[in-house]
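One structure is given below, encoded as structure tokens.
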Ligand code: GRF
């Protein structure tokens, strides 16, 4: 598939941008039906901006403090994304909570990755929450965004064990490995139509992970 035949998406980041990096890596493959049209950060110091630029992707910094209202801030983001023709917005460590208006304006077209098996451990410090709760398994989730934080139809999840001596950092790095597999796969499922949003659930019509049982995608790594 040529680059121009691929579906453009936008990626919103606030920091390191390793999930954005995993999407950009997947886009290198001619079989991957997606290209990143723009990377937007609300933080001018986000390390991910450098990576995006190195990959030749257009970047934009939109700082909340430069606007007197959240509506104006979101209007700038919305306009920049629409100009690229993006069909989906991928939140990848984007730390600002988007308003109900913005989310409803992109109904079923905004996706997010969260480092827990939602609906468990929403919000900040999901890894520490899992350790404190004493769960044996946690993981990560890619889901459609709803106005409520970390809510919306689940596209895919990966299960990751919590070990006896885990700290929030050791658990985070084990989970991150799977996040980087999940995010491009969720995008592929949505763009190809293999995943369909029906109300508050996602129906998977096909997909290679389906063959592998309850951990999805299969632990290839
Ligand atoms: C990831 O753990 C993601 O699940 C969460 O924020 C973190 C972002 O990391 N939403 P990165 O910026 O993609 O490296």
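Residue numbers (the working numbering): 27 to 247.
Beta carbons: idealized from backbone N, C-alpha and C, even for Gly.
Three-state class that DSSP yields for residue i in the structure shown
i, result
"residue 99", "helix"
"residue 5", "Limits of the chain in this structure are 27 at one end and 247 at the other, which puts residue 5 out of reach."
"residue 88", "coil"
"residue 109", "helix"
"residue 93", "coil"
"residue 27", "coil"
"residue 53", "helix"
"residue 47", "helix"
"residue 245", "The predicted position of residue 245 is uncertain, since its pLDDT is 44 and thus under 50; no value can be drawn from it."
"residue 272", "Lying outside 27 to 247, the shown extent of the chain, residue 272 is not represented and no answer is given."
Beta-bridge pairing of residue i - partner residues as DSSP gives them
i, result
"residue 186", "164"
"residue 61", "34"
"residue 222", "229"
"residue 170", "137"
"residue 66", "38, 86"
"residue 180", "169"
**Within the region 111-158, ranges of the alpha helix (DSSP H) (whole runs, at least 4 residues)** = 126-131
**Prompt:** Just checking, does the region 98-107 make contact with the region 146-157 on the three C-beta pairs under 8 Å criterion?
**Reply:** no
**Message:** For the structure I just gave you, are there three or more beta carbon pairs, one from the region 183-198 and one from the region 153-173, closer than 8 Å?
**Reply:** yes
**Request:** May I have all residues whose beta carbon comes closer than 5 Å to any heavy atom of the ligand GRF, sorted in chain order?
**Result:** 41, 42, 43, 44, 45, 118, 119, 139, 141
**Request:** Say whether the region 55-62 touches the region 130-138, bearing in mind that this needs 3 or more beta-carbon pairs closer than 8 Å, one atom from each stretch.
**Result:** no
**Request:** Check whether the region 190-201 touches the region 35-50, taking contact to mean three or more Cβ pairs, one atom from each stretch, closer than 8 Å.
**Result:** no
**Request:** Check whether the region 151-159 touches the region 116-124, taking contact to mean three or more Cβ pairs, one atom from each stretch, closer than 8 Å.
**Result:** no
**Request:** Indicate whether the contact test is met: 3 or more Cβ pairs, each with one atom in the region 67-76 and one in the region 218-234, closer than 8 Å.
**Result:** no
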